[in-house]
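Residue numbers (our numbering): 31 to 377.
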Amino acid sequence: MQSFTLVDLACSWKDAARYLSQRWLAMLNPYLDLSQSSILSARLRFRSEDTILANFLTYAEPIKVHGALPGGFLGRFGNKGESGPLLRLVRSWCEYELTDLQDYPIVQLLLDSTIALVQPLSQFYRLEIKPTADCEICGEVHLHQQAPLRVHGAAGDEAGLHGYNWRNGDSIAATNNYEVIISEDLYRLFEETEARTPLKFIPVEAYGGKQPLWQMQPQGRLPLQSPPTPLKVRDRCQACKRPLTVALSTSPNDIAFGPERETIYEQEALLTLETTDLPEGDFWVTDLQQGRIREQMAVLQSFADAPDPFYVRLSQPFWLISQRWLRLLHEHAPHGWSCQPVKGLTQ
Ligand SMILES: [Zn+2]
Numbered sequence: 031m032q033s034f035t036l037v038d039l040a041c042s043w044k045d046a047a048r049y050l051s052q053r054w055l056a057m058l059n060p061y062l063d064l065s066q067s068s069i070l071s072a073r074l075r076f077r078s079e080d081t082i083l084a085n086f087l088t089y090a091e092p093i094k095v096h097g098a099l100p101g102g103f104l105g106r107f108g109n110k111g112e113s114g115p116l117l118r119l120v121r122s123w124c125e126y127e128l129t130d131l132q133d134y135p136i137v138q139l140l141l142d143s144t145i146a147l148v149q150p151l152s153q154f155y156r157l158e159i160k161p162t163a164d165c166e167i168c169g170e171v172h173l174h175q176q177a178p179l180r181v182h183g184a185a186g187d188e189a190g191l192h193g194y195n196w197r198n199g200d201s202i203a204a205t206n207n208y209e210v211i212i213s214e215d216l217y218r219l220f221e222e223t224e225a226r227t228p229l230k231f232i233p234v235e236a237y238g239g240k241q242p243l244w245q246m247q248p249q250g251r252l253p254l255q256s257p258p259t260p261l262k263v264r265d266r267c268q269a270c271k272r273p274l275t276v277a278l279s280t281s282p283n284d285i286a287f288g289p290e291r292e293t294i295y296e297q298e299a300l301l302t303l304e305t306t307d308l309p310e311g312d313f314w315v316t317d318l319q320q321g322r323i324r325e326q327m328a329v330l331q332s333f334a335d336a337p338d339p340f341y342v343r344l345s346q347p348f349w350l351i352s353q354r355w356l357r358l359l360h361e362h363a364p365h366g367w368s369c370q371p372v373k374g375l376t377q
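Here it is as structure tokens:
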């Protein structure tokens, strides 16, 4: 198991020179993640046990940024910026080896890439809007899958608005509506394992792909305990106060923007199951989701004719898999996924 810490600065790396000494700039340069940095922020990536990290946090914690310079990029567009702490987000998480995960009967599956479904999405989904029973202001949207999914396959690596194309050599990925799809190779390997409750797969049509793909059907919805699963309400309905947006976070506050901005410290957030009995099967989703779980009715009604999950279904279930699936992925899917422990189950 290895632990990493990301530090997001509230300014670009170029502007960081205004706040950090030359010595620190030189020392931090090897930790800069250019692909995740922009004109608004710089991202540094450390091994959590690196002593430079602890020293840097101590040094940088009191430093405040002063907003955009009049002659700077943002200043030229009349953006005065906000002042606040230089450290915007300090986030730690672990990367687990198989040996770290083997004592957990169920683990959480995290997928690296999102594959775009072929438009329009109304060919796959029926949209159903459920107003909140005692509130006229908000409601929920449910998408029911009506037909096998279709994705763009192997036509270059370009990322569209809704995700990537499936590439040759991919083993497992999510769709932009949070279904899990796997390669023909993984599908065959899984079909060979002797599962007491066999997983059900739906064929996925891949344009331009030589081999078929398969959608994994969840074998049930497992209830999460909340708390201690750290799901935080970020946004509530004005009328009924029910949550609209939730996020998985250990941060006691999430004031990342605005005049009251504070540094956010976040540890890895692990899920805890409510059940203590090991369910049968290999793949489940959770009952609680993160993201936009409820929406204003005024917004929902305008989606009724255009069920595009990119706008509608922003909430994401958590994917849970068995040890059997974990081992199969470990042996046959070299990249595109990772797993983390799920607490609460006793074997
Ligand atoms: Zn409401």
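Quick reminder that beta carbons are idealized off the backbone N, C-alpha and C, glycines included.
Please report the distance separating the alpha-carbon of residue i from that of residue j.
i, j, result
"Thr-227", "Phe-313", "10 Å"
"Asn-198", "Gly-239", "8 Å"
"Gln-326", "Gln-346", "18 Å"
"Ser-78", "Ala-203", "28 Å"
"Leu-229", "Trp-244", "11 Å"
"Tyr-194", "Gln-255", "33 Å"
"Ala-84", "Val-37", "11 Å"
"Gly-311", "Arg-357", "14 Å"
"Pro-257", "Lys-373", "12 Å"
"Leu-87", "Tyr-295", "11 Å"
"Glu-290", "Gly-114", "8 Å"
"Asp-164", "Gln-247", "33 Å"
"Thr-302", "Thr-259", "5 Å"
"Thr-293", "Pro-282", "11 Å"
"Leu-318", "Leu-278", "10 Å"
"Cys-270", "Pro-161", "12 Å"
"His-192", "Glu-209", "14 Å"
"Gln-241", "Ser-213", "8 Å"
"Pro-178", "Ile-232", "7 Å"
"Ala-363", "Met-31", "19 Å"
Following the continuous alpha helix (DSSP H) through residue i, name the residue where it begins and the one where it ends.
i, result
"His-192", "Where His-192 is concerned, there is no enclosing alpha helix (DSSP H), given that its DSSP letter is neither H nor E."
"Asp-45", "43–46"
"Leu-330", "327–333"
Under the rule that 16 or more other beta-carbon atoms within 10 Å means buried, what is residue i, buried or exposed?
i, result
"Ile-145", "buried"
"Val-276", "buried"
"Leu-350", "buried"
"Pro-371", "buried"
"His-182", "buried"
"Glu-221", "exposed"
"Pro-320", "Checking the sequence shown, residue 320 turns out to be Gln, not Pro. Burial call: buried."
"Tyr-89", "exposed"
"Gln-268", "exposed"
"Thr-205", "buried"
"Ile-285", "exposed"
"Ala-47", "exposed"
"Leu-128", "exposed"
"Asn-207", "buried"
"Thr-35", "buried"
"Tyr-134", "buried"
"Gln-140", "One detail in the question is off: residue 140 reads as Leu in this sequence, not Gln. Exposed, since its Cβ has fewer than 16 Cβ neighbours within 10 Å."
"Thr-223", "exposed"
"Tyr-237", "exposed"
"Ala-72", "buried"
"Arg-53", "exposed"
"Thr-81", "exposed"
"Arg-218", "exposed"
"Ser-352", "buried"
Span of the beta strand (DSSP E) holding residue i?
i, result
"Gln-346", "346–352"
"Glu-296", "294–296"
"Ser-113", "113–115"
"Ile-268", "The amino acid at residue 268 is misidentified as Ile; the sequence shows Gln. No beta strand (DSSP E) contains Gln-268, which DSSP labels as neither H nor E."
"Thr-316", "313–322"
"Pro-282", "Premise fails: Pro-282 is in no beta strand (DSSP E) and is neither H nor E."
"Pro-289", "Neither: Pro-289 is in no beta strand (DSSP E) and is coded neither H nor E."
"Pro-371", "367–373"
My guess is that residue i and residue j are in contact by the Cβ rule of under 8 Å, so how many angstroms apart are they, rounded?
i, j, result
"Pro-253", "Thr-306", "Not really, about 11 Å apart at Cβ, beyond 8 Å."
"Leu-74", "Asp-63", "7 Å"
"Gly-366", "Ser-33", "The pair is not a contact, with the Cβ atoms about 22 Å apart (cut-off 8 Å)."
"Leu-274", "Cys-168", "7 Å"
Does ligand 3 have even one heavy atom less than 7 Å from the beta-carbon of residue i?
i, result
"Cys-267", "Of the ligands this structure carries, namely ligand 1, none is ligand 3."
Which ranges would you report for the beta strand (DSSP E) in the segment 119–171 if only whole runs of at least 3 residues count?
-> 136–141, 155–161
Could you give the uninterrupted runs of the alpha helix (DSSP H) lying entirely in the segment 175–257, keeping only those of 4 residues or more?
-> Those alpha helix (DSSP H) runs which fall completely within the segment 175–257 and span 4+ residues are 214–222.
Complete runs of the alpha helix (DSSP H) confined to the segment 39–96 [at least 4 residues] = 43–46, 52–58, 81–90
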